[in-house]
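Residues in the sequence shown are numbered from 41 upward in steps of one, following this note's numbering.
Built from N, CA and C at the ideal position, the CB exists for glycine as well.
Down below is the structure, laid out as structure tokens.
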Amino acid sequence: MTTLLLNIQELLQVRETSIAKVSGAEMAILPTLKNAYLVLENDIISDFGLMENLPKINADLTIDATGKIVLPTWCDSHTHIVYAGNREGEFVDRINGLSYEEIANRGGGILNSAQKLNETLEEEIYEQSKVRLEEVMHLGTGAVEIKSGYGLTVEGELKMLRVIKKLAQNYPITIKSTFLGAHAYPTLFKDNKRGYIDCMINEMLPQIAKEKLAHYVDVFCETGYFTVAETEEIMVAGIQHGLEPKIHVNQFNSIGGIQAGIKHKALSVDHLEVMTDDDIEALKNSHTMPVALPSCSYFLSIPYTPARKMIAAGLPLALATDFNPGSTPSGNMNFVVATACIKMKMTPQEAINAATINGAYAMGVSETHGSITKGKKANLILTKAITSYYQLPYAFGSNLIEAVFLDGKII
Ligand code: NIG
Ligand code: FE
Numbered sequence: 041m042t043t044l045l046l047n048i049q050e051l052l053q054v055r056e057t058s059i060a061k062v063s064g065a066e067m068a069i070l071p072t073l074k075n076a077y078l079v080l081e082n083d084i085i086s087d088f089g090l091m092e093n094l095p096k097i098n099a100d101l102t103i104d105a106t107g108k109i110v111l112p113t114w115c116d117s118h119t120h121i122v123y124a125g126n127r128e129g130e131f132v133d134r135i136n137g138l139s140y141e142e143i144a145n146r147g148g149g150i151l152n153s154a155q156k157l158n159e160t161l162e163e164e165i166y167e168q169s170k171v172r173l174e175e176v177m178h179l180g181t182g183a184v185e186i187k188s189g190y191g192l193t194v195e196g197e198l199k200m201l202r203v204i205k206k207l208a209q210n211y212p213i214t215i216k217s218t219f220l221g222a223h224a225y226p227t228l229f230k231d232n233k234r235g236y237i238d239c240m241i242n243e244m245l246p247q248i249a250k251e252k253l254a255h256y257v258d259v260f261c262e263t264g265y266f267t268v269a270e271t272e273e274i275m276v277a278g279i280q281h282g283l284e285p286k287i288h289v290n291q292f293n294s295i296g297g298i299q300a301g302i303k304h305k306a307l308s309v310d311h312l313e314v315m316t317d318d319d320i321e322a323l324k325n326s327h328t329m330p331v332a333l334p335s336c337s338y339f340l341s342i343p344y345t346p347a348r349k350m351i352a353a354g355l356p357l358a359l360a361t362d363f364n365p366g367s368t369p370s371g372n373m374n375f376v377v378a379t380a381c382i383k384m385k386m387t388p389q390e391a392i393n394a395a396t397i398n399g400a401y402a403m404g405v406s407e408t409h410g411s412i413t414k415g416k417k418a419n420l421i422l423t424k425a426i427t428s429y430y431q432l433p434y435a436f437g438s439n440l441i442e443a444v445f446l447d448g449k450i451i
């Protein structure tokens with residue numbers, strides 16, 4: 041099937057040849073075509089150009105995009121979309137003065153979600169999670185990474201990863217799966233941390249590898265959660281089972297997680313609310329993508345990742361949602377892009393690069409996603425008629441999306 045989009049006011053993120061990521065000053069450049077056409081052949085982008093050069097095309101479907109913007113769908117490289125129930129009670133506790141840390145210390149937080157998850161049947165978790173997945177697809181996300189980490193038992197972790205696999209089989213959105221058994225120490229092992237690490241390494245990882253349930257291994261490297269040495273041990277075990285590391289670091293404290301991630305060739309290091317000069321220095325010329333999660337900063341009222349400082353140092357930066365029940369109950373990448381502009385002082389060009397091509401890199405899909413390039417997946421956002429793409433972050437509370445194409449089809 042051939043689909044033709046005509047008279048596109050502006051086609052964003054046009055890359056003639058595929059690039060892996062953009063870094064530093066390159067992030068300010070968002071290549072676009074004004075008054076453009078775009079051709080989709082089934083699920084692939086097959087051609088694009090200026091309207092004045094439009095060749096004769098026999099399209100099965102023609103869409104007039106006068107006044108509208110077209111861009112690649114968002115690549116959300118960090119989420120915890122699969123969970124059971126919610127934590128709205130803790131949200132009100134925080135309004136009433138408790139901190140995220142205090143709630144976690146009294147058995148709430150991740151352990152609260154773990155209890156709910158272990159009490160819920162796999163089918164029910166799937167039903168709850170698919171609602172969130174469908175929501176983010178309609179908000180323009182075309183590729184999403186989803187983590188386990190609310191099981192914290194062999195059965196619970198496998199259950200989560202099987203739900204992720206089933207979502208990937210049943211939906212047109214591209215899904216990458218991450219094993220995050222090292223999200224917190226479960227209550228059962230609170231006085232036997234060695235025992236839980238052994239359980240992850242000797243029981244969970246071999247089964248996950250056998251069933252091919254995950255692409256990546258993640259660890260919450262943070263004071264009170266997993267130390268740098270534990271993070272390294274779990275990353276190494278994951279690598280031995282074919283999983284590339286992608287880790288949670290520097291959310292509340294800078295304890296050396298970034299350096300450990302780089303040492304083990306982590307694909308990304310995520311959160312980065314607290315960054316030292318040494319952390320920035322370590323990331324220079326590495327293969328590791330730094331990922332900021334501004335809606336987490338917003339929801340928890342914690343610092344934002346120092347994007348300006350990092351980009352000035354020549355680093356790349358990706359943006360993701362962190363969609364989860366505790367620190368970020370939102371999977372809206374449009375809000376992430378707007379918040380990056382409003383609170384982190386990223387320009388719209390930088391934020392869109394960070395949420396498309398760099399997001400694709402941070403989840404290992406930049407060869408197929410994240411830009412308008414011939415041969416890439418026909419995953420697109422078609423906006424409503426708007427004055428310019430600056431509206432996307434500017435009108436931060438409005439839904440400006442008219443249609444989302446995944447695999448070349450309007451969802
Ligand atoms: O990325 N920081 C660690 N994990 C999640 C939140 C987990 C939770 O509170 O449920 C995050 O913010
Ligand atoms: Fe997270």
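Asked, Found
"Taking a contact to mean a Cβ-Cβ separation below 7 Å, would you say A380 touches A391 in this structure?", "yes"
"If you measure from the beta carbon of A269 to each beta carbon in chain C, is any gap under 7 Å?", "Absence of chain C from the displayed structure is noted, only one protein chain being present."
"Pull the bridge partners of P112 from the DSSP assignment, please.", "L420"
"For L355, which of T345, W114, D238, E262 has the nearest alpha-carbon?", "T345"
"Measuring alpha carbon to alpha carbon, tell me which residue in G129, N47, Y166, G64 is nearest L94.", "N47"
"Does at least one heavy atom of the ligand NIG sit under 6 Å from the Cβ of N290?", "no"
"Taking 6 Å as the cut-off, is the C-beta of F260 nearer than that to any heavy atom in the ligand NIG?", "yes"
"For Q291, count neighbouring C-beta atoms within 10 Å of its own C-beta (all shown protein chains included) and say buried if the count is 16 or more, exposed if not.", "buried"
"If we count Cβ pairs, one from each stretch, closer than 8 Å, do we get three or more for the stretch 249 to 259 versus the stretch 198 to 216?", "yes"
"Which term fits E50, buried or exposed, when burial requires 16 or more other beta carbons within 10 angstroms of its beta carbon?", "buried"
"Between P453 and I451, what straight-line distance do the alpha-carbon atoms span, to the nearest angstrom?", "Lying outside 41 to 451, the shown extent of the chain, residue 453 is not represented and no answer is given."
"Assuming E272 contacts A300 under a Cβ cut-off of 8 Å, what Cβ separation, rounded to an integer in Å, is found between them?", "5 Å"
"Are there 16 or more other CB atoms within 10 angstroms of the CB of V132, so buried, or fewer, so exposed?", "exposed"
"When we look at the beta-carbon of S63 and count the other beta-carbons within 10 Å, is it buried (16 or more) or exposed?", "buried"
"So does D362 have its beta carbon nearer than 6 Å to some heavy atom of the ligand FE?", "yes"
"Quick one: what's got a C-beta closer than 7 Å to L90's C-beta in the same chain, skipping five residues either side?", "L73, N75, A76"
"Can you give me the start and stop residues for the alpha helix (DSSP H) that H409 sits inside?", "Where H409 is concerned, there is no enclosing alpha helix (DSSP H), given that its DSSP letter is neither H nor E."
"Starting from I441, trace the beta strand (DSSP E) both ways and give me its first and last residue.", "441 to 446"
"Do A99 and L44 have their beta-carbon atoms positioned less than 7 Å apart in this structure?", "yes"
"Cβ of T361 within 7 Å of Cβ of T106?", "no"
"Since S86 is in the beta strand (DSSP E), which residue starts that stretch and which ends it?", "84 to 90"
"Assign M15 to one of two classes, buried (16 or more other C-beta atoms within 10 Å of its C-beta) or exposed (fewer than that).", "Not covered by the structure: residue 15. The range shown for the chain is 41 to 451."
"Beta-carbon separation of A353 and T328 under 7 Å?", "no"
"So T387 packs on S335, CB below 8 Å; how close in whole Å?", "That pair is no contact at about 19 Å."
"In whole angstroms, what separates the C-alpha of A395 from that of V377?", "7 Å"
"Round the Cβ separation of D447 and P212 to the nearest angstrom and send it over; I've been treating them as touching at under 8 Å.", "5 Å"
"Which word fits Q389, buried or exposed, when buried means at least 16 other C-beta atoms lie within 10 angstroms of its C-beta?", "buried"
"Roughly how many angstroms lie between the CA atoms of F339 and T42, to the nearest whole one?", "43 Å"
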